[in-house]
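Just below is one structure, and these are the notes that go with it.
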Amino acid sequence: MLTEALLGLLLLVILYLATKKPSGLPPGIWGWPLVGRLPSHDLTLGEQVKQLRPIYGDIITWRIGSRVNVFLCNFNLIKAAFSKLEFSDRPDLYTFKMFGEDQQGIVFSNGMKWHTNRRFVLRQLRDLGMGKSRLEVAIQHEASCLVEELKKHTGKPQPLPLSCNVAVLNVIWKLVADHRYNLTDKEPQYFISLVDAVTHNMQGAVNIFNYLPWLVGITPQFIKNWLGISNLLSSIKEVQDYMTTFIEEHLASLDPANPRDLLDAYLIDMQEENRSISTSNLRSIQMVMNDLFGAGTETTSTMIRWAILFLAKYPEVQAKVQQEIDAAVPRDTLPSIEHKDKLAYFEAMIHEVHRVVSLTPLSVSHATTQEMQFEGYTLPKGTVVMAHVECCHHDPKLWEKPHEFYPEHFLDNQGKFAAKKEGFAPFSIGRRSCVGESLARMELFVFLSAMLQNFTFSAPEGEELSTERDPKEFIMSFPKPYSIIMKERK
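Residue numbers (mature numbering (1 follows the signal peptide of the UniProt record, and there is no 0)): -24 to -1, 1 to 466.
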């Protein structure tokens, strides 16, 4: 009996020492051994961190489960941290590993693997026209097709049709696999539904394993199924299998002397380095494609839906944007990047939607590569570091009307577009900033200007549109489902 009591006491001491808060961490919440303090289900994680900020300041420690998280709630702190190589890792989160234990691609990979993939993709995207006029021509073609498709949906309350998503998807497919779909085809719509399922399921109960990784090995399979893990893994596999068909088609028709797209370039690069099409290398290609589709399709489509929602809710802003477009662009010509200097208010509107919405309020998690000193604190190796971008976007010290939709935030005293604003980071900053930022900016400019040139968007009669986020989503900010009326402009 005494021996058992002593063993129990010894285990408690070991548990206490193993989970004791390390000295030197920023102030914040530590919680209980093993489980820390888990977030409430009533508010998003970002909202809960906002509540902690007046208590603990701009650098906050919160041990969620068994993971040490540090939240940065100040733009200068985020900029200082994310410019350092020591903050450039991704954590080994369970949801990241669901795409592959070895964390391939760009978004989830680390070290030389990340550096090599990112550099390769940036070079290929530039070669394929990212930021150049020939890519704009491809985007304008999709925008023109979208305008014709939207004409079939005027006059009655309805959600924005899925053809908006397919048009955006086609731009990525053109770059990656030299392929496009008709906007009403069922195949791309099904693919989009798979990507949506992955995105939304990753924001669900599965995150408990991010916080408590030691639960993964001891949780019965039926509970994992109940948490939606089987459905999530199934959707991920379907997405990857779909991409594999394109990889196989490209392998069969590959001509090293005439690369057609990014996929050809990747395969040629592998051949030149004498790398075989192994399972690992195949997964690397799949994950690069997955990253590009995730970043370039889901986020851009969601931003278009947010922008149309705000413009329908604030018709005076919409009218001002349309007047500016009408003055700068002939009605028989689609707006293009060459009109950019004449569309300052339109540009300001897009950026203000980014600011108000904060599509990824906590950005994508970073991790420290080693123990390090930062702002007088000691951060252990593997500390999960999150940038609270929304705090920056709503900081009253930086924005005149932080909680209002006010495009004038991005205009200078002469009414010109103010491109570089302190505290604005919708694509993150530093070494891990979004690889597709230039593409996303061009897509939003071309698609939204074409839509506003040709249509007016309004709330259904007697309805008040809500710009609140969908409460079911907490990693990305999605609008609640809404319906609008589209009216063709003559």
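Ideal Cβ positions, reconstructed from N, Cα and C, are used throughout, including at glycine.
- Secondary structure note for M348: its beta strand (DSSP E) is the uninterrupted segment 348 to 350.
- Per DSSP, reduced to three states, the secondary structure at V123 is helical.
- Just measuring C-alpha positions, the residue of C410, H176, L69 sitting nearest D267 is C410.
- Positions of the alpha helix (DSSP H) runs, each at least 4 residues long and wholly inside the stretch 27 to 107, are given as 51 to 58, 70 to 73, 87 to 103 in order along the chain.
- Within the DSSP bridge table, the entry for I460 names Q134 as partners.
- Distances from the alpha-carbon of Y166 to those of V123, E214, P235 put E214 closest.
- Annotation for Y353: the continuous beta strand (DSSP E) segment containing it runs 353 to 355.
- About 6 Å separates the Cβ atoms of D237 and L151, confirming a contact at the 8 Å cut-off.
- The residues R66, Q79, F84, in chain order, have a CB closer than 7 Å to that of F72 in the same chain once the five nearest residues on each side in sequence are set aside.
- The DSSP assignment places complete beta strand (DSSP E) segments of no fewer than 3 residues inside the stretch 307 to 386 at 348 to 350, 353 to 355, 360 to 363, in order along the chain.
- Contact holds between the stretch 420 to 430 and the stretch 306 to 316, because three or more Cβ pairs, one in each stretch, are under 8 Å apart.
- N207 and V174 have their C-alpha atoms some 9 Å from each other.
- Under a 10 Å Cβ-count criterion, Q116 is classified as buried, with 16 or more other Cβ atoms of the shown protein chains found around its own Cβ.
- By the Cβ-count criterion, A228 is exposed, with fewer than 16 other Cβ atoms from all chains shown falling within 10 Å of its own Cβ.
- Note on N389: under 16 other CB atoms within 10 angstroms of its CB, so exposed under the neighbour-count rule.
- Counting other Cβ atoms within 10 Å of its Cβ, Q100 reaches 16 or more and is therefore classed as buried.
- Between the stretch 291 to 305 and the stretch 320 to 340, the count of C-beta pairs closer than 8 Å reaches three or more; the two stretches touch.
- In the three-state reduction of the DSSP assignment, G406 falls in the helix class.
- If you draw a 10 Å sphere on the C-beta of Q262, you find 16 or more other C-beta atoms in it, and that means buried.
- Counting of Cβ neighbours within 10 angstroms places S(-2) among the exposed residues, the total staying below 16.
- The beta carbon of W6 lies closer than 6 Å to those of K(-4), R39 in the same chain, with the five residues before and after it left out.
- Note that the C-beta distance between I54 and A363 is below 8 Å.
- Around the beta carbon of N50, a 10 Å sphere encloses 16 or more other beta carbons of the protein chains shown; the residue is thus reported as buried.
- Assigned with DSSP and collapsed to three states, I194 falls in coil, not helix or strand.
- Within the same chain, Y32, I36, T37, W38 come within 6 Å of G4 by CB-CB distance, once the 5 residues on both sides are set aside.
- In the three-state scheme derived from DSSP, where H, G and I count as helix and E and B as strand, W8 is classed as strand.
- Excluding residues up to 5 positions away in sequence, F51, C368, K397, E398, G399 lie with their Cβ nearer than 8 Å to the Cβ of L374 in the same chain.
- Between G272 and A416, the C-beta gap is smaller than 8 Å, which places the two residues in contact.
- By alpha-carbon distance to F185, the top candidate from Y458, L104, K357, S42 is S42.
- If you look at S434, you'll find it isn't in any alpha helix (DSSP H); it sits in the beta strand (DSSP E) that goes 431 to 434.
- Nearest neighbour of E384 by Cα position, chosen from I168, A153, V293, turns out to be V293.
- Assigned with DSSP and collapsed to three states, R156 falls in coil, not helix or strand.
- In this structure, Q24 sits near P15, with a CB-CB distance shorter than 8 Å.
- For P455, the secondary structure class from DSSP, reduced to helix, strand or coil, is strand.
- In the structure shown, R110 adopts helical secondary structure according to DSSP, grouped into three states.
- By the criterion of a C-beta distance shorter than 8 Å, R13 is surrounded in its chain by I5, W6, G7, W38, R39, I40, once the five residues flanking it on both sides are discounted.
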